[in-house]
Amino acid sequence: RAQPAAVKIGLLQPMSGFLAGDGQLASIGAKVAVEEVNAAGGIKSLGGAPIELIIGDSQSNAEAGAQATETLNDEGVSIITGGFASGISTTATQAAARYDLPFIVDTAVSDAITGRGLSNTFRFGPSFSIATTIALANLQRLNDAAEDKAKTVALVHEDGLFGSGLAGLMQEKLPDMGFEIVEVISHPTPARDMSNVVLRLRSLNPDLIIPSHYYNEFVLFARTLQQQRVKPKGIYAIFGGAASSYRFVNEYPEAAEGVMDCNHWGMPDHPATAKLMQAVKDEGTFYAYNTPTNYALIHVVAQALEKAGSSDRAALTETLKTQDFDPTVMPYGIVKFDETGQNQNALPLNTQVQNGDIKVIYPEDYAQAEPVFPVN
Amino acid sequence: MSARDLFPILPVLLVLAVLPFLGLSGSLLNLLIFMMIVALAAQGWNVLGGYGGLASFGHAAFFGTGAYAAAILQTRYGVNAWAALVAGVVLGSLVGAFIGLLTFRSGLKGSYFALITLAFAEVLRIIANSSEITGGGAGIVVPIDYGFENLQLRDRRFFVLLAVICVGVGLVITRWLDRSKFGAYLIAIRENEDAARALGVNVMNVKLGAITLSAALTALAGVLYTQNFLFLDANVAYGPWISIEALFAAIVGGLGTMFGPLIGAVVLLGAGEITKEFSGGIPGFDLLVFGVILIITVAFAPNGLAGISLKSFRRKTRGHTARSSRDGGADA
Amino acid sequence: MLEIDRLSKRFSGLVAVDDVSLRVEHGSITGLIGPNGAGKTTLFAMSAGFVPVDAGNVRFEGATVTSMPPHERTRLGMVRTFQIVQPFAGLSVRENIAVGAYLRTPDRADALAEAETVGNRLGLGPMLDFAASSLTVAGRKRLELARALATRPRLLLLDEVLAGLNPTEIRDILPVIRSIRDDGVTIFMIEHIMQAVMNLCETVYVLNEGKLIAEGAPAIVCGERPVIEAYLGQGAAARLRAEGGQPHA
Amino acid sequence: MLEVRNVRTGYGETEILRGVNLTVAEGEIVAVLGSNGVGKSTLNMALSGILPLWSGEIEFTGHRIDQRSPAEIVEAGLVQVPEGRKIFPNLTVEENLELGNYRGDRSRRKAMVADVYATFGRLKERRRQYAGTLSGGEQQMLAIGRGMMSAPRLLILDEPSLGLSPLLVEEMFTLIGRLAGEGLTILLVEQNVMQSLEIASRAYILENGEVVVEGAARDLREDARLRQAYLGL
Amino acid sequence: MYPIPIIAEALINGLMLGAVYALVAVGLTLIYGVLHIVNFAHGAFLTLSMFGIWLLWEHAGLDPYLSILMLTPIMFGLGYGVQRFIIGPAGHGRDNSILLVTLGISIVIENGLLVVFKSDTRTIATDYGFRVIEIGPLLLSWPRAVGFVATMATAVIVWLILNRTDVGKAIRAVAKEKLGARLVGIDVNHIYAMTFALGSACLAVAAGLLMPVFYVNPQTGGAFVLVAFTIVVLGGMGSVTGALLGGLLIGVVEAASSLFLGDSLGQLGIFVLFILVLLFKPTGLFGARI
Ligand SMILES: Nc1ncnc2c1ncn2[C@@H]1O[C@H](COP(=O)(O)OP(=O)(O)OP(=O)(O)O)[C@@H](O)[C@H]1O
Ligand SMILES: Nc1ncnc2c1ncn2[C@@H]1O[C@H](COP(=O)(O)OP(=O)(O)OP(=O)(O)O)[C@@H](O)[C@H]1O
Ligand SMILES: [Mg+2]
Ligand SMILES: [Mg+2]
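Protein chains in written order, with our numbering: chain A, 156 to 531; chain B, 14 to 345; chain C, 12 to 260; chain D, 597 to 829; chain E, 777 to 1066.
Below is the structure:
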């Protein structure tokens, strides 16, 4: 019996350029999923066709992302997943739309990605608005439960799409929740120095610091906080990158201790988590959210192929629009894309670094540990 | 300039115009568009850097202004895309004239000029990144609405055609520089400003004209970028990448030559695509190879790629051990 | 034609030109001589607008041009050449001269034709298509002159354009300069080659340490003691006498 | 001391020197004459190793130097004061002089600078001034002074009188005579033909890239053809 | 308004950070002064040096400050070789070609590092990385203070080399008059390479001073080069003292403006200052002269 032709799936990730680390982590997760699907006999409704992953390198910039999307299309992929950053995802989904090529965005958070009327575009993870809503709700509960409550907040964010977007939303909502915003500080990426930011914080001494920046800046920030002996009641990051990265936790356990994050995150007790962590370790790097997200996303694609019984693009798009999927390692319950293409059940998790490990603290369904707050 | 002067341009444009209709794949079409956009920006760069000897590191300032103007006018003010194109080019030129006015007045040239243009581009980038109207860090998405009147072409072969026409305009302008008094004055200023001044050249005006023209072409490239990718953020529009690409293409292709920027853009981006094929999936390896190719190209084609083809026509008498003519003497 | 009125220039402590007044008559060839560092080039640079004046006035054909930018003075018809030559190194000799010619015509063909004519007149004919960077020092001096001439000036300020020529070549170029004057161009020249000064100039001014120390017909001026002491030296003075200049002792 | 045999060279593909032969004996002043652009400076650049030879040989104090680098040639004692001065405009007068001694004996540097100042008083006055702001003639003095600083065995002077006032030209010729008297060998390229022939012992005349006349300076001074071609008489 | 100690601390911080910027700028200005080109590979060389420091720490357990002593001659040699055998021959002595070659080199180095080290960010956790010097209410970063002192010392050495040695004078001579330099016996190619070597050696020092407080990944150098450009122009291109003072000034301006305007706009402050200086004092605050 002849093996049916493999179904090609495109994975668009920044494999080079300044986001290459994220691309690497994502591709590790996707590869594990591909192996699993194929080991389990491929896509049964397609006669056991294996799936084949084709990686497109967006080189961490938007044009190259569009160009890589074109190349993936030339290679005849049935669907593309990934994107990672919002700018790249925006141009790439648009390029794919010309060919009615379905595209599921993984972790890019800009609200504008869905809702542009592109029928090929879906988003697996939470958007800004979803994530902030949940993050703030969790924060409220955290604070309510605390005896020594936080009242003043300082926002520290990077000045790109992601940091400024978040800061904007929070400036709107935090006052209604009874917090007083004492300072909003933005900084460029990459930043050479955080001492002036920290100095300002030292003089204001806020109860709570809400940072949102990329990994390197977070590390610099957290280390400088430690050095300057700034000890707020809590550091509550949103998509903070670092507090949900094992690299940070391993390299700077003291600076990391107690930091909280609300971010994409896999379910800790899901069997795949341990496997993915091992796979990442084997590659000599450190685990972060990109791996489980892309792992789950490939599984979702496999399910869609299974349900569609076809590798045809239109059929796949239709299936994605109408059917439900199992998010495997991601805490999304049932994956269901709404009319704009957003996964309705996408959900970030709250984690906290406790005793040198990353523990999920919210929501209770997935929690591994009680939150510690105030930390200091 | 007579019609005959334009003759060498026609076959090139013809080839470029026919190319997209030969059944190219989407990625090749996309590449072609991008090549034309970079070529156009490089043509702009060449006017100032190649002919005028004022190398800038900040052509992003013009590119981004053109790009943002087109995007903002369409999305926020509902301006028609063609009108936005004109406005983008005009605004880009104005930014050029403004920067020129400030820098030439104090006699900045050489690396000072290069770095101050970089600084202007950075200032614009920082401002665009944090102001409301540009969409800040989130950038601007131009809604998809295909149609000729919206300058959004569903069939990209026609977008290639449009871009080729723009490049054609660039070629004509460059040709004009080769054949006109303005061009001769500009080159004279490049070679020796004091001497030009002594011969009655209004150095300030000629330089201003050059930077304005240069900015206009590069801004046009920016508008095309917006219309093709329909997304902009500060790093795309005002980021250093386009300044570098424009400079790269112009120099590799051949400074102060008509076809240099076009050849440079095609070869550089083409080489980039090809090395990607051979990267073996190792991130960075393709660019590493690209860098090596670049160095080798410069080593063996010091006059730029256009220089190779012209070499046989070159005057043999040109000095090899160029004598230094500036000895910083007592003359002011 | 050119009237310089109490012009001064100081460079951080050093007074390069000190209260100098002089006039260049219309249609004349006037010389400016003086020891090295006397301030001659600086005086020219101020006249042509390349160095701002500290004090004093420059008038060209009756109009005050003291603070007019150089290119406008050129347009009015006053052109300088540079002692330290300033060719457009990458351009051919023809193209170099054409830049000058463009001042009076916007047309490329006209400018190139004019360049050829002027080039031939100054003996640059065989070199027209060479890069200017390949010219020898003396060749570049001639190029300076050719370019200036191509602007169709009315007053030429020539800064040592004859330097680097041997006596025969100087003899050959003197008539050319005279013919330029005969075409109606007034000439004001700095020159150390006394053979040329004696032959060409009707009037010379002598500058020393920024100050005017003598003026008049060259034969007379060259006999004045201060000029001999500061500039000529006994040997040159003797030679000039022997060659028939007959300056008084 | 210097032997030039059949030297051919040029720029790009243009041949300028087409087989030049020339010798300079120890302690002589030899003048090289020729009209504008015949290749006198080109010959000098070839001697200094700046311009590679196409063919031919150059021997200096018995050793071939035509394949040596300019630095080695300076070290061997063949030094040139180039046409157009080529001083370092961004260094002070004194630093220019010090660099003249770059390959030389450092212990004598101070004394040599003092020597140059003794010769050119003007330079001493301007010792802290940047060389680029000197007047044309002052720059010329500096160039000669810098050449002297390397304590050369053979000094090539390329149009040293260019741009100098008549008085200084005279002083310069006196200086050349004095230097020769002190045992320095000199190769002199000058447009000031008459005065050169007065102090030179022998002279070569270049035409069309070749030596067309050579002989004792005294004889050449009387040569009618020469007077016609170079002296304008 | 902030309390005085906070302001004082910010300014001192600025000075200390500016010192390290200055060191990067000194290398750049040297190379600019002689080759007349802006060395685009400078950032990549800094990154390379930082990886060097990291490797010595990770695999030989060498303290970063000690590593400087090892890395400086290595970077010196590397700079020498790159100029002598790559930039020199491939650049043909033309500004534009050299510019492209340095760009090419930076692409090669950055991506070579990416191939070898992946894009991971690496840091060094020394026990003094977080140490502070307490002076009254001020908490001064110990490694930054070390950086300040070391920068000053390095700058003095560079200045002495340039002004008191023959090689230094030759470097300045070659900068303006190549032919004249060759005629006094200066080997121009050697001097070019020495300049590049010296500039690169400065980076080794800068890398050693940065690593205890900063991170490295294949792109890191870029963040410092842009500001180093600014400093070079501010100080006057080719001027070593200018670069030093310019660096300190930029450090202080950055600190002050990020304290009062926020970090993002603090960057704007630098560039606006830069533009103003160029417009009103085009040769830089301290005059251009090498
Ligand atoms: N920019 C400057 N800065 C300082 N001093 C200067 C400057 N320009 C000229 N000088 C000085 O001014 C004096 C006059 O210079 P100038 O060039 O006018 O002399 P000159 O008469 O043309 O001499 P020469 O015959 O040697 O060319 C000289 O001593 C020179 O050193
Ligand atoms: N760098 C160069 N490139 C090409 N040709 C050159 C170059 N330098 C000089 N030439 C040519 O070589 C020939 C000889 O020049 P050279 O400088 O040797 O003449 P010269 O005898 O010294 O003349 P002069 O008396 O004017 O100084 C000239 O025709 C000149 O145009
Ligand atoms: Mg003068
Ligand atoms: Mg000569």
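We put the CB at the ideal spot given by N, CA and C, even for glycine.
| message | Assuming contact is defined by CB atoms lying nearer than 7 Å, are residue 1045/E and residue 794/E in contact in what I supplied? | response | Counting from one through the fifth sequence, the residue named residue 1045/E turns up at place 269. Counting from one through the fifth sequence, the residue named residue 794/E turns up at place 18. In this structure, residue 794/E does not lie closer than 7 Å to residue 1045/E by Cβ.
| Backbone secondary structure at residue 887/E - three-state DSSP | Walking along the fifth sequence from the start, residue 887/E turns up at place 111. In this structure, residue 887/E counts as helix in the three-state DSSP scheme.
| query | With distances taken between CB atoms, is the gap from residue 44/C to residue 172/C smaller than 7 Å? | reply | What you label residue 44/C is simply residue 33 of the third sequence in a count that begins at 1. What you label residue 172/C is simply residue 161 of the third sequence in a count that begins at 1. Their beta carbons are not under 7 Å apart, which means residue 44/C does not touch residue 172/C by this criterion.
| Of all residues in the structure, which have a C-beta closer than 5 Å to any heavy atom of ligand 1, taken in chain order? | 343/B, 22/C, 27/C, 47/C, 48/C, 49/C, 50/C, 51/C, 52/C, 53/C, 729/D, 730/D, 731/D, 732/D, 733/D
| At a CB-CB cut-off below 8 Å, which residues of chain A make contact with residue 825/E? | The residue labelled residue 825/E in the question sits at position 49 within the fifth sequence. Near residue 825/E there are no residues of chain A at all, since even the closest Cβ is about 16 Å away, more than 8 Å.
| task | Quick one: residues with CB closer than 7 Å to any heavy atom of ligand 4, in chain order, please. | result | 147/C, 148/C, 636/D, 637/D, 679/D, 754/D, 755/D, 785/D
| request: Compare the Cα-Cα distances from residue 103/C to each of 75/C, 154/C, 89/C, 58/C and report the closest residue. | output: Counting from one through the third sequence, the residue named residue 103/C turns up at place 92. Per the Cα distances, 154/C.
| request: Could you check if residue 186/A is buried or exposed, using at least 16 other CB atoms within 10 Å of its CB as the buried criterion? | output: Here residue 186/A is taken as the residue at index 31 of the first sequence, counted from 1. With 16 or more Cβ atoms within 10 Å of its Cβ, residue 186/A is classed as buried.
| request: Please name the residue, chosen from 190/A, 291/A, 191/A, that lies closest to residue 517/A on a Cα-to-Cα basis. | output: Position 362 of the first sequence, counting from 1, holds the residue named residue 517/A. Comparing Cα-Cα distances from residue 517/A to each of 190/A, 291/A, 191/A, the minimum goes to 291/A.
| DSSP state of residue 288/A, grouped into three classes? | Within the first sequence, numbered from 1, the residue matching residue 288/A stands at position 133. Of the three classes helix, strand and coil, the one that applies to residue 288/A here is helix, per DSSP.
| task | Decide if the stretch 412-424 of chain A is in contact with the stretch 381-388 of chain A; the criterion is three or more beta carbon pairs, one per stretch, under 8 Å apart. | result | no
| message | Within 7 Å of any Cβ in chain B, is that where the Cβ of residue 316/A sits? | response | By one-based count along the first sequence, residue 316/A stands at place 161. Yes, residue 316/A counts as interfacial toward chain B.
| query | Which residue comes first and which comes last in the beta strand (DSSP E) that contains residue 342/A? | reply | Position 187 of the first sequence holds residue 342/A. Its beta strand (DSSP E) spans residues 335-342.
| message | I'd like to confirm something about residue 94/C: is its beta-carbon nearer than 6 Å to some heavy atom of ligand 3, or not? | response | Within the third sequence, residue 94/C is the residue found at index 83, counting from 1. Checking every heavy atom of ligand 3 against the Cβ of residue 94/C, one is found closer than 6 Å.
| query | Is the Cβ of residue 18/B closer than 7 Å to any Cβ of chain C? | reply | Here residue 18/B is taken as the residue at index 5 of the second sequence, counted from 1. By this cut-off, residue 18/B is not an interface position.
| task | Enumerate in chain order the residues of its own chain whose CB-to-CB distance from residue 314/B is below 7 Å, with the five nearest sequence positions on each side excluded. | result | Working through the second sequence from its first residue, we reach residue 314/B at position 301. Only 320, 321 meet the Cβ criterion.
| task | Run the CB neighbour count on residue 269/B, radius 10 Å, all protein chains shown included, and call it buried at 16 or more, exposed below. | result | By one-based count along the second sequence, residue 269/B stands at place 256. Looking at its Cβ environment, which holds 16 or more other Cβ atoms inside 10 Å, residue 269/B is buried.
| task | Run the proximity test for residue 69/B: is its beta-carbon closer than 6 Å to any non-hydrogen atom belonging to ligand 2? | result | Here residue 69/B refers to the residue found at position 56 when the second sequence is read from its first residue. False, no ligand heavy atom lies under 6 Å from that Cβ.
| field | Reduced DSSP category for residue 910/E - H, G, I as helix; E, B as strand; rest coil | value | Within the fifth sequence, the letter at position 134 stands for residue 910/E. Reduced to three states, the DSSP call for residue 910/E is strand.
| Is the beta carbon of residue 788/D within less than 6 Å of some heavy atom of ligand 2? | On the fourth sequence, position 192 is the one that residue 788/D refers to. Incorrect: residue 788/D has no Cβ contact closer than 6 Å to ligand 2.
| If you check the beta carbons only, do residue 166/A and residue 237/A fall under 7 Å apart? | In the first sequence, counting from the first residue as 1, residue 166/A sits at position 11. In the first sequence, counting from the first residue as 1, residue 237/A sits at position 82. Yes.
| message | The beta strand (DSSP E) that contains residue 90/C, what's its start and end? | response | As a first step, residue 90/C is located in the third sequence; it is residue number 79 there, counting from the start. That run of the beta strand (DSSP E) goes 89-91.
| Closest Cβ-Cβ distance between residue 213/C and chain D: below 7 Å? | As a first step, residue 213/C must be located in the third sequence, where it is residue number 202. Taking Cβ atoms only, chain D never reaches closer than 7 Å to residue 213/C, which makes this a no.
| request: Flag this pair as touching only if the stretch 966-978 of chain E and the stretch 778-793 of chain E have three or more C-beta atom pairs under 8 Å; answer yes or no. | output: no
| Helix, strand or coil: how does DSSP classify residue 109/C here? | Working through the third sequence from its first residue, we reach residue 109/C at position 98. Reduced to three states, the DSSP call for residue 109/C is helix.
| Under a Cβ-count criterion, where at least 16 other Cβ atoms within 10 Å of its own Cβ denotes burial, should residue 610/D be classed as buried or exposed? | Here residue 610/D refers to the residue found at position 14 of the fourth sequence. That one is exposed.
| field | residue 418/A: first and last residue of the uninterrupted beta strand (DSSP E) it sits in | value | Walking along the first sequence from the start, residue 418/A turns up at place 263. Taken as a continuous stretch (DSSP letters only), the beta strand (DSSP E) holding residue 418/A covers 415-418.
| task | Give me the Cα-Cα distance between residue 195/B and residue 37/B, rounded to the nearest whole angstrom. | result | Counted from its first residue, the second sequence places residue 195/B at position 182. Counted from its first residue, the second sequence places residue 37/B at position 24. The straight-line gap from Cα to Cα measures roughly 40 Å.
| field | Residues of its chain near residue 559/A, where Cβ-Cβ distance is below 6 Å and the 5 sequence neighbours each way are ignored | value | Residue 559/A is absent from the structure shown; chain A starts at 156 and stops at 531.
| task | Report whether the distance from the Cβ of residue 841/E to the nearest heavy atom of ligand 2 is below 6 Å. | result | For the purposes of this step, residue 841/E is taken as residue 65 along the fifth sequence, with counting starting at 1. Checking every heavy atom of ligand 2 against the Cβ of residue 841/E, none is found closer than 6 Å.
| message | When you compare the stretch 214-231 of chain A with the stretch 246-259 of chain A, are there three or more beta-carbon pairs, one atom per stretch, that lie closer than 8 Å? | response | yes
| When DSSP builds the beta bridges, which residues end up paired with residue 391/A? | Indexing the first sequence from 1 puts residue 391/A at position 236. Beta-bridge pairing links residue 391/A to 415/A.
| query | Can you tell which of 371/A, 334/A, 429/A, 362/A has its C-alpha closest to the C-alpha of residue 342/A? | reply | Stepping through the first sequence from its first residue, residue 342/A is reached at position 187. Closest by alpha carbon: 371/A.
| query | If we count Cβ pairs, one from each stretch, closer than 8 Å, do we get three or more for the stretch 189-209 of chain B versus the stretch 98-118 of chain C? | reply | yes
| message | Any heavy atom of ligand 2 closer than 6 Å to the beta-carbon of residue 804/D? | response | Locating residue 804/D in the fourth sequence gives position 208, counting from the first residue. False, no ligand heavy atom lies under 6 Å from that Cβ.
| message | Quick check on DSSP: helix, strand or coil for residue 316/B? | response | Here residue 316/B refers to the residue found at position 303 of the second sequence. Here residue 316/B sits in coil by DSSP.
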